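A.B. asks: I have a structure here, written as structure tokens, and I will follow up with some questions on it.
Residue numbers (this note's numbering), protein chains in the order written: chain D, 100 to 603; chain R, 100 to 603.
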């Protein structure tokens, strides 16, 4: 027996086609959409909006919107709108290849900010008014409240602030997701803020559904389409080595009494290396772990299934098609163990610090002094964005950055003399891990960090060249607290641009 | 009638000379001392310790300690120990010229960390054990509790963790400071942390004195000496212009409804420019302001006296001799309006975010994309350290960085193509102010930030050169999200080293 996912009669009356809903969005609007790492984004309205934009453009007229989301979305949203040249401004995070190209050609304005800052900066009025919110939900309850789907992101803020709201009800999403969410309604603007009453990663402090003034809901669209479900690469030797170094380190910290036997809540970035770390944890002997993170990906579902992880708090999913099937089939099991929150809570500095999260994120490069570049290839070409890495690196118990020691067939060293862009300063980075080994930077001066990074993390092909730079800088630098030879500091990057390799 | 400042009989029996107390510190020890921006540091034991270290060195034997404090201290502490070559490792902040020279010669290990991280990183075990704490207090109560003097800093943590404690009781400090402190004893290690119950900058959440196991107190030393009392420079035209731009901006934000009429709690760095901002606020028409900051300097006392500022929360003072006299004379008035906290509370990310502080800090340079260098001259020579600027820039409502547009007689531009060291990334910087004007970077892409920084903040002598770099980079850069010409990006700094000016 199939139950209508729209249980509120008034809102059922507002069901229209995606095309009709998209027609409610006007040129120049600020549009805030749902979506976080390819989950829970609207599937139909953005595609129709892109079509309409293309048609308007074909007539020689302008049509662009300012677009905000939770984080990255999928081809049907960022891809379609970027291809249509329909985005004047994008924030706070994206990973779409077409959008990325436009950003790096200087044709699309992109603002890359900490995910924990997004909601509050919009509330503060730093981004003007929100004209339209387009939000995917899994169901509308009889009382008109909205059950989120597979991401929460900034949906609470978008619904609170938007002048008009378009809701997509996606029947592809499991109905059993109802009850998994925890929407905190205790936020306020300063000077009226109060402590957030969360002291364990699995505390419930809010509602299971989103509130929305039904008068603002101008259209409801029925959809039935999958989240973006990119499969992960099979775990390779490099990722496995990185995972193994990190897990060995965590065990060492437990032995030294600096971490409890079940660690502290884990935060894990998204991608193949974090997935390998999660797979490594499955075999590590650790038990009763917790996650307080942004995104649940395949490896974390497995840890929950096997009881290695007791529970996980997140704001979205990034699952392969197989993992998604397993998630849907066992939704009752996972609903007991997963709590989905707004991203202002999942990434909140207050909570990340209180819980003492262990942050594990990827990086593009790190310099010998521990400054991490998470965003810009060769200092100028943005890859995705900082996402939540800063929220966890600054405020957690430990911040680990993980990467293979080389990229692009060994032509790029992930350890460089000077980072060509800095997203995480030397003050925020505790541990660097490559397949070569782990550098524990805690309590070290810049010069000592350099030696341990060169010795433990750099690829042997680049080690002599790094050592040579560091030795000469240590002799010749103007100041010797953080020695550099300025004319050479970025020469590795320029050499790669000129010759295709950083090798000197 | 003079009352003995040591009201506990047991501890009165432990009074010894500073020389005898210093003799209790052994080579290789980790010694944690009080002191924050030249207030409340021990005045006698460090001098005697330096003398003893010199004597041991004269005999050809090694003697160094690892030294931790709250922040910077004074010649009698950092100066004396650095001159004696008695410091193997120093953290978390210092500003002594001799120590600075040794650090930049590569002879003194210095670890520059966020002030909000210090206590917790020591509790986490990242810095090993603390052998001795040397803490200045204004009095010892009958019950043995210790009344802090003019700074609290990390004293709670040092007293809790040290194996042995030396207390200096400084009669120069006003007895009336008793009651001004608020020592929070609710901190814990994760996973046992709870919300910090502070919702207004003037909430009291702790004790007025420090607890210490009397069995650990191995020596008590009587002193009678002043805090470091450097006078501020008279306010010059440049500082006045910077202050005026910032205050105009704050008024504009109030008018736009983004800030309440009495603003949000102010944090102010220490120095002549912040002092000018405070002087400007005195004449601004603002009333009922609050401060939640690290340090109270002259201008803030004046604001309190005049009722512009209702109350101020801090962890230490930096007063000129005249201001210090006024403070002592009116201590009863100021005790009602000033709360001194541990620095883990004064700088706590949870509280800075909850209160929505307005951060105002100095800088060395900012690049055209909004990355701020607070610490390293020409990227390599450390000036002081990051201090608490990162705690407020990342977590506050707004983060403003202030500087004259040029330094060293106009040979150095504070706006550069690429920051030679990054302490505050583009993600953490809202507003830049020079005497030329103010750049509001909120909601701008890197390229838009560049144009507004060049137009509003750069000195006219450097503007054409900056514009030329930005224009060429915008055409020729590999990626055009954050355009750079890598071989030129740091050439201004090298030119200054080579020729004495950044002017091309």
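Glycine included, C-beta positions come from ideal geometry on N, C-alpha and C.
Since this is a predicted model, take the numbers as computed values, not measurements.
Given that residue 293 of chain R touches chain D, what residues does it touch there, using C-beta distances under 7 angstroms?
C.D. replies: Per Cβ cutoff of 7 angstroms: 298.
A.B. asks: When the cut-off is 8 angstroms and only beta carbons count, does residue 283 of chain R lie next to chain D?
C.D. replies: Answer no: the Cβ-Cβ gap between residue 283 of chain R and chain D never drops below 8 angstroms.
A.B. asks: Only counting the same chain, and skipping five residues up and downstream in sequence, which positions put a Cβ closer than 8 angstroms to that of residue 596 of chain D?
C.D. replies: For residue 596 of chain D, where only same-chain residues beyond five positions count, the Cβ hits under 8 angstroms are 477.
A.B. asks: Assign residue 263 of chain R to one of three DSSP states: helix, strand, or coil.
C.D. replies: The answer is strand: DSSP assigns residue 263 of chain R an E or B state.
A.B. asks: Since I believe residue 336 of chain D is in contact with residue 365 of chain D (beta carbons under 8 angstroms), could you give me their beta-carbon distance rounded to a whole number of angstroms?
C.D. replies: With 8 angstroms as the limit, residue 365 of chain D and residue 336 of chain D do not qualify as a contact, their Cβ atoms being about 23 angstroms apart.
A.B. asks: If we ignore side chains and look at the alpha-carbon of each, how far apart do residue 108 of chain R and residue 323 of chain R end up?
C.D. replies: Whole-angstrom Cα-Cα distance: 20 angstroms.
A.B. asks: Quick check: the Cα distance between residue 195 of chain R and residue 516 of chain D, rounded to an integer number of angstroms?
C.D. replies: The alpha-carbon atoms of residue 195 of chain R and residue 516 of chain D are separated by roughly 29 angstroms.
A.B. asks: Give me whichever residues DSSP pairs with residue 209 of chain R in a beta bridge.
C.D. replies: BP columns for residue 209 of chain R point to R:189.
A.B. asks: Classify residue 100 of chain R as buried or exposed, calling it buried when 16 or more other Cβ atoms lie within 10 Å of its own Cβ.
C.D. replies: Because the pLDDT at residue 100 of chain R is just 47, under 50, the model does not fix this residue reliably, and the value given afterwards should be weighed accordingly. By the 10 Å Cβ count, residue 100 of chain R comes out exposed.
A.B. asks: Between the segment 470 to 482 of chain R and chain C, which residues of the former have a C-beta closer than 8 angstroms to a C-beta of the latter?
C.D. replies: Absent from the structure: chain C. Protein chains present are D and R.
A.B. asks: Less than 8 angstroms between the beta carbons of residue 496 of chain R and residue 289 of chain D, yes or no?
C.D. replies: Yes. Within cutoff.
A.B. asks: Can you tell me whether DSSP reads residue 100 of chain R as helix, strand or coil?
C.D. replies: At residue 100 of chain R the pLDDT is 47, less than 50, meaning the model places this residue with poor confidence and gives no usable figure here.
A.B. asks: Going by beta-carbon coordinates alone, are residue 377 of chain D and residue 537 of chain D separated by less than 8 angstroms?
C.D. replies: Not closer than 8 angstroms, so no.
A.B. asks: State the start and end residues of the unbroken alpha helix (DSSP H) segment that holds residue 290 of chain R.
C.D. replies: No alpha helix (DSSP H) contains residue 290 of chain R, which DSSP labels as neither H nor E.
A.B. asks: Do residue 305 of chain D and residue 414 of chain D come within 8 angstroms of each other at the CB atom, strictly closer than that value?
C.D. replies: No, the pair does not count as a contact, with Cβ atoms beyond the cut-off.
A.B. asks: Does the beta-carbon of residue 191 of chain R have 16 or more other beta-carbons within 10 angstroms, so that it is buried, or is it exposed?
C.D. replies: Result: buried.
A.B. asks: Report yes or no: do the segment 531 to 549 of chain D and the segment 538 to 551 of chain R share at least 3 C-beta pairs separated by less than 8 angstroms?
C.D. replies: The answer is no - the segment 538 to 551 of chain R does not touch the segment 531 to 549 of chain D, with fewer than three Cβ pairs under 8 angstroms.
A.B. asks: Give the secondary structure of residue 162 of chain D by DSSP, where H, G and I count as helix, E and B as strand, and everything else as coil.
C.D. replies: Here residue 162 of chain D sits in coil by DSSP.
A.B. asks: Is residue 247 of chain D helix, strand or coil when you go by DSSP?
C.D. replies: Residue 247 of chain D falls in the strand class under three-state DSSP.
A.B. asks: Let's see if you can read the secondary structure: which residues bound the alpha helix (DSSP H) around residue 225 of chain R?
C.D. replies: First-last for residue 225 of chain R: undefined, no H or E at that position.
A.B. asks: Should residue 460 of chain R go down as buried or exposed, given a rule of 16 or more other Cβ atoms within 10 Å for buried?
C.D. replies: Buried, since its Cβ has 16 or more Cβ neighbours within 10 Å.
A.B. asks: Got a sec: is the Cβ-Cβ distance from residue 440 of chain R to anything in chain D below 8 angstroms?
C.D. replies: Output row for residue 440 of chain R: interface = no.
A.B. asks: Does residue 432 of chain D come within less than 8 angstroms of chain R when only Cβ atoms are used?
C.D. replies: No - not a single Cβ of chain R is within 8 angstroms of the one on residue 432 of chain D.
A.B. asks: Using the rule of at least 16 other Cβ atoms within 10 Å of the residue's Cβ for burial, across every protein chain shown, is residue 598 of chain R buried or exposed?
C.D. replies: Exposed.
A.B. asks: Which same chain residues, not among the five before or five after residue 113 of chain R, have their C-beta less than 8 angstroms away from its C-beta?
C.D. replies: Only 316, 317, 318, 319 meet the Cβ criterion.
A.B. asks: Determine the direct distance from the alpha carbon of residue 169 of chain R to that of residue 327 of chain R, and round the result to whole angstroms.
C.D. replies: Each residue's alpha carbon lies about 15 angstroms from the other.
A.B. asks: Counting only the same chain and skipping the five closest in sequence on each side, list residues whose C-beta sits under 7 angstroms from that of residue 272 of chain D.
C.D. replies: Cβ neighbours of residue 272 of chain D beyond the five flanking positions: 237, 248, 249.
A.B. asks: Could you work out which residue in D:201, D:145, D:167 is closest to residue 480 of chain D when comparing CA atoms only?
C.D. replies: Residue 480 of chain D has its Cα closest to that of D:201, out of D:201, D:145, D:167.
A.B. asks: Pairing CB atoms from the segment 115 to 127 of chain R with CB atoms from the segment 398 to 416 of chain R, are three or more of them under 8 angstroms?
C.D. replies: These segments do not touch.
A.B. asks: Quick one: is residue 149 of chain R buried, meaning 16 or more other Cβ sit within 10 Å of its Cβ, or exposed?
C.D. replies: Per the 10 Å Cβ criterion, buried.
A.B. asks: Go through its chain and collect everything with a Cβ distance to residue 173 of chain R's Cβ below 7 angstroms, but skip five positions before and after it.
C.D. replies: Taken in chain order, the residues that qualify are 137, 140, 327.
A.B. asks: Give the DSSP-derived three-state secondary structure of residue 540 of chain D in the structure shown.
C.D. replies: Residue state, collapsed to three classes: coil.
A.B. asks: According to the Cβ coordinates, are residue 132 of chain D and residue 165 of chain D closer than 8 angstroms?
C.D. replies: Not a contact, by the Cβ cut-off of 8 angstroms.
A.B. asks: If we cut at 8 angstroms on Cβ distances, does residue 213 of chain D have a partner in chain R?
C.D. replies: So, interface residue.
A.B. asks: Closest by CA to residue 518 of chain R, which one among R:555, R:463, R:567, R:559?
C.D. replies: Taking only the C-alpha atoms, the option nearest residue 518 of chain R is R:463.
A.B. asks: Rounded to whole angstroms, what is the Cα-Cα separation between residue 374 of chain D and residue 419 of chain D?
C.D. replies: Going by the C-alpha atoms only, they are around 11 angstroms apart.
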